[in-house]
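Student: Numbering that gives the first Met the number 0 puts the first residue of the sequence shown at 0, with every later residue one more than the last.
Beta carbons are placed, not taken as given, at the ideal position from N, Cα and C, and that holds for glycine.
One structure is given below, represented as structure tokens, and several questions about it will come after.
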Amino acid sequence: MRARLDHLVTSALQQGSAVPAFTCYDFTTALAVVAAAEESGRGVILLVAPKTAATPNGLRLIGALRGLADAAAVPVAVQLDHASDLQVMADAVAAGADSVLADGSSLPYEDNIALVQAARELLGPDVVLEAELGGLAGDEDRAFSADQAGVAVAGLTDSAQVEEFVSRTGAELLAVAVGNVHGKYKGEPQLRWDVLQDIAVRTHIPLVLHGASGIPAEELVKAASMNVGKVNFNTELRTGVLATLEEQLPAHRSDGENLQGLLGHWNQSAGSFATTTLATLTR
Ligand code: 13P
């Protein structure tokens, strides 16, 4: 069943859990993620990258994800991730997304607020809005070798801005920069739990941790206790799927160009990552 993203996250937090959100560039991955959520009896969030939503095929994918969410046996929300273009937001919502990350984190503070306000004006009160305060380094869609080009942390969220930012934007969720990056970390991830704690006491809305790939499970389990109710994964899911495809491709080519069999391995890889992650974040 489809669920409002903020309701899904808030009810997980009430049980001491966080909800994982997985970037889906394709339907095979989404099917695996939703099946894993159904097996574990937990809700889940399907993320659509803005580059995906900016294409006609991407909008059709959003429509398909919406159908998948509606038919799921557990609560599922479909969110447009990291959008800064109002037209892409409007198109994604028209196609079936029920939540948007209106991301002005790379803009000056006032422009960031203005973007979220413009998104609210355009999309109306029923679309759940996440906003981001404090920029995250790294590329959302591509990750490079951690040894050669791992991503160093950019700025941290300024906790002194949190209260005003939340009240002026009216966002229902707040993405924070606390030592997290998109893609592969340069060295070991060092999450700033002190900064997160400081943010958590200044707002009641759920916090969102982006760039969760590479953060050890023993760190992620602490998230919900600091009001982090949504944790975003992309790179680790891709890495697993691509490694599986690389390994399985030769045998499936020799086996009569067996694409169907190969898709089964894709499904298994994405599904087992989702299952493990759901278990990590659930109390
Ligand atoms: P990673 O690719 O680092 O997991 O980040 C995903 C993300 O934050 C999507 O919004």
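For Val230 versus Leu244, is the C-beta spacing smaller than 8 Å?
Tutor: Here residue 230 refers to the residue found at position 231 of the sequence shown. Here residue 244 refers to the residue found at position 245 of the sequence shown. No, they are not a contact pair.
Student: Residue range of the beta strand (DSSP E) that Ala101 falls in?
Tutor: The sequence position of residue 101 within the sequence shown is 102, counting from 1. Element bounds for Ala101: 98 to 101.
Student: Report yes or no: do the region 12 to 26 and the region 104 to 124 share at least 3 C-beta pairs separated by less than 8 Å?
Tutor: With the cut-off at 8 Å, the region 12 to 26 and the region 104 to 124 do not touch.
Student: So, is Arg237 buried or exposed, given that buried needs 16 or more other C-beta atoms within 10 angstroms?
Tutor: Within the sequence shown, the letter at position 238 stands for residue 237. Buried: at least 16 other Cβ atoms inside 10 Å.
Student: Beta-carbon within less than 7 Å of Asn226's beta-carbon, same chain only, minus the 5 sequence neighbours each way: which residues are those?
Tutor: On the sequence shown, position 227 is the one that residue 226 refers to. Only Leu12, Ala199, Pro205, Leu206 meet the Cβ criterion.
Student: Among the candidates Ala142, Met0, Ala176, Val99, whose CA atom is the shortest distance from the CA of Gly40?
Tutor: The residue given as residue 40 occupies position 41 in the sequence shown. Nearest option by C-alpha distance: Met0.
Student: Please confirm whether Pro49 and Asp80 have their CB atoms less than 8 Å apart.
Tutor: The count along the sequence shown starts at 1 and reaches residue 49 at position 50. The count along the sequence shown starts at 1 and reaches residue 80 at position 81. Contact flag set, yes.
Student: Considering only heavy atoms of the ligand 13P and the C-beta of each residue, which residues fall inside 5 Å, strictly closer?
Tutor: Selection output, chain order preserved: Asp80, His181, His209, Gly210, Ser212, Asn231, Phe232, Asn233, Thr234.
Student: What residue does the beta strand (DSSP E) around Phe21 start on, and which one ends it?
Tutor: By 1-based counting over the sequence shown, the position of residue 21 is 22. Element bounds for Phe21: 18 to 22.
Student: Lys183: buried (16+ other C-beta within 10 angstroms of its C-beta) or exposed?
Tutor: The residue given as residue 183 occupies position 184 in the sequence shown. With 16 or more other Cβ atoms within 10 Å, it is buried.
Student: Buried or exposed: His203, going by 16 or more other Cβ atoms within 10 Å of its Cβ?
Tutor: The residue labelled residue 203 in the question sits at position 204 within the sequence shown. It counts as exposed.
Student: Could you tell me which of Pro19, Leu155, Val126, Ala93 sits nearest to Gln196, measuring between CA atoms?
Tutor: Position 197 of the sequence shown, counted from the first residue, corresponds to residue 196. Out of Pro19, Leu155, Val126, Ala93, Leu155 has the C-alpha closest to the C-alpha of Gln196.
Student: Does the beta-carbon of Glu256 have 16 or more other beta-carbons within 10 angstroms, so that it is buried, or is it exposed?
Tutor: For the purposes of this step, residue 256 is taken as residue 257 along the sequence shown, with counting starting at 1. Exposed is the call here.
Student: May I have the straight-line CA-CA distance separating Gly66 from Ala113, to the nearest angstrom?
Tutor: In the sequence shown, the residue the question calls residue 66 occupies position 67. In the sequence shown, the residue the question calls residue 113 occupies position 114. Cα-Cα distance, rounded: 32 Å.
Student: Taking buried to mean at least 16 other C-beta atoms within 10 Å of its own C-beta, is Ser105 buried or exposed?
Tutor: Position 106 of the sequence shown, counted from the start, is the residue given in the question as residue 105. The residue is exposed, with fewer than 16 neighbouring Cβ atoms inside 10 Å.
Student: Can you give me the C-alpha to C-alpha distance between Ala222 and Asp254, rounded to a whole angstrom?
Tutor: The residue given as residue 222 occupies position 223 in the sequence shown. The residue given as residue 254 occupies position 255 in the sequence shown. Ala222 and Asp254: Cα-Cα distance of roughly 45 Å.
Student: With the cut-off set at 8 Å, would you say Val32 and Ala269 are in Cβ contact?
Tutor: Taking the sequence shown and counting its residues from 1, the one referred to as residue 32 is at position 33. Taking the sequence shown and counting its residues from 1, the one referred to as residue 269 is at position 270. Cβ distance < 8 Å, so Val32 and Ala269 count as in contact.
Student: Consult DSSP for Phe143 and reduce its assignment to one of helix, strand or coil.
Tutor: Numbered from its first residue, the sequence shown carries residue 143 at position 144. Coil, per DSSP.
Student: If you follow the alpha helix (DSSP H) that Glu37 is in, where does it begin and where does it stop?
Tutor: Numbered from 1 along the sequence shown, position 38 holds the residue referred to as residue 37. Here the alpha helix (DSSP H) through Glu37 covers 26 to 39.
Student: So is Ala101 buried or exposed if we call it buried at 16+ other beta carbons inside 10 Å?
Tutor: Counting from one through the sequence shown, the residue named residue 101 turns up at place 102. With 16 or more Cβ atoms within 10 Å of its Cβ, Ala101 is classed as buried.
Student: What distance in whole Å lies between the Cβ atoms of Leu4 and Ala76, which are believed to be in contact at a cut-off of 8 Å?
Tutor: As a working mapping, residue 76 is identified with position 77 in the sequence shown. As a working mapping, residue 4 is identified with position 5 in the sequence shown. 4 Å between Cβ atoms; contact.
Student: According to DSSP, Ile44 sits in a beta bridge with which residue or residues?
Tutor: Indexing the sequence shown from 1 puts residue 44 at position 45. Its beta-bridge partners are Ala20, Ala76.
Student: Spatial neighbours of Phe272 within its chain, please: CB distance less than 7 Å, with the 5 preceding and 5 following residues excluded, ordered by chain position.
Tutor: For the purposes of this step, residue 272 is identified with residue 273 of the sequence shown, where counting begins at 1. Excluding sequence neighbours, Phe272 sits near Glu235, Leu236, Gly239.
Student: Is it the case that the Cβ atoms of Ser10 and Leu280 are separated by a distance below 8 Å?
Tutor: Here residue 10 refers to the residue found at position 11 when the sequence shown is read from its first residue. Here residue 280 refers to the residue found at position 281 when the sequence shown is read from its first residue. Taking 8 Å as the Cβ cut-off, Ser10 and Leu280 do not qualify as a contacting pair.
Student: The beta strand (DSSP E) that contains Lys50, what's its start and end?
Tutor: If you number the sequence shown from 1, residue 50 lands on position 51. Per DSSP, Lys50 belongs to no beta strand (DSSP E); it is in the alpha helix (DSSP H), 49 to 52.
Student: My parser needs the beta strand (DSSP E) runs of 3 or more residues fully inside the region 194 to 258; what are they?
Tutor: Correct list: 206 to 208, 227 to 232.
Student: Once you ignore the five residues that flank Val152 on each side, which residues in its own chain have a CB closer than 7 Å to its CB?
Tutor: Taking the sequence shown and counting its residues from 1, one reaches residue 152 at position 153. For Val152, where only same-chain residues beyond five positions count, the Cβ hits under 7 Å are Ala136, Gly178, Val180.
Student: Among Ala216, Val47, Ala68, which residue has its Cα nearest to the Cα of Leu30?
Tutor: If you number the sequence shown from 1, residue 30 lands on position 31. For the residues Ala216, Val47, Ala68, the minimum Cα distance to Leu30 belongs to Ala68.
Student: Indicate the three-state DSSP secondary structure (helix, strand or coil) for Val152 in the structure shown.
Tutor: As a first step, residue 152 is located in the sequence shown; it is residue number 153 there, counting from the start. Here Val152 sits in coil by DSSP.
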